[in-house]
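Encoded as structure tokens, the structure appears first; notes follow it.
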Amino acid sequence: MSTDSKVQAHITGAEGKLPADDVGKHHHDERPAHEQGKENSHAALDAKDEKSIANKLDAAAKADKAEKQAENEPGPRPTDAAAANGNEPSKGAKIDEQIELEEEAEIARKDAAKAQAKANK
Numbered sequence: 001m002s003t004d005s006k007v008q009a010h011i012t013g014a015e016g017k018l019p020a021d022d023v024g025k026h027h028h029d030e031r032p033a034h035e036q037g038k039e040n041s042h043a044a045l046d047a048k049d050e051k052s053i054a055n056k057l058d059a060a061a062k063a064d065k066a067e068k069q070a071e072n073e074p075g076p077r078p079t080d081a082a083a084a085n086g087n088e089p090s091k092g093a094k095i096d097e098q099i100e101l102e103e104e105a106e107i108a109r110k111d112a113a114k115a116q117a118k119a120n121k
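Sequential numbering from 1 applies to the sequence shown in the UniProt record's numbering.
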């Protein structure tokens, strides 16, 4: 008996009938064909992949969008982990957070100066 026939016999049972609640196709996916499947099952921009050019462009656009979004999201502060566990942050974590805040302020100041210089031209 083949594996397929064993599975079919298991599903149908001794009576040889499908259960009343069996609707047939169990894995119906409404997404477009190029979006179906498991996440990260292969390299999205693999050169040897036989995807169409449109699908490759779509994957590249999604990768760029995700990268920009991750770049703009602020990460956790160095003192967040200790505070979340109800502990006092270490001296190093406090210093790291202070340095981050100073760097953010410096970047904001430089961006404002750049915008001011651009407006004056």
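Ideal Cβ positions, reconstructed from N, Cα and C, are used throughout, including at glycine.
For Asn72, the closest of Ser90, Ala59, Glu104 and Ala43 by C-alpha to C-alpha distance is Glu104. Judged by DSSP secondary structure, Asp111 falls within the alpha helix (DSSP H) whose first and last residues are Lys91 to Asn120. In this structure the stretch 72 to 81 touches the stretch 89 to 103; the number of beta carbon pairs closer than 8 Å is three or more. Cα atoms of Glu102 and Ala112: separation of roughly 15 Å, rounded to the nearest angstrom. The DSSP-derived three-state label of Asn87 is coil. Secondary structure at Lys56: helix, using DSSP grouped into helix, strand and coil.
The alpha-carbon separation between Asn120 and Ala63 amounts to approximately 37 Å. With contacts defined as CB atoms closer than 8 Å, Ala66 and Ala82 fail to qualify as a contacting pair.
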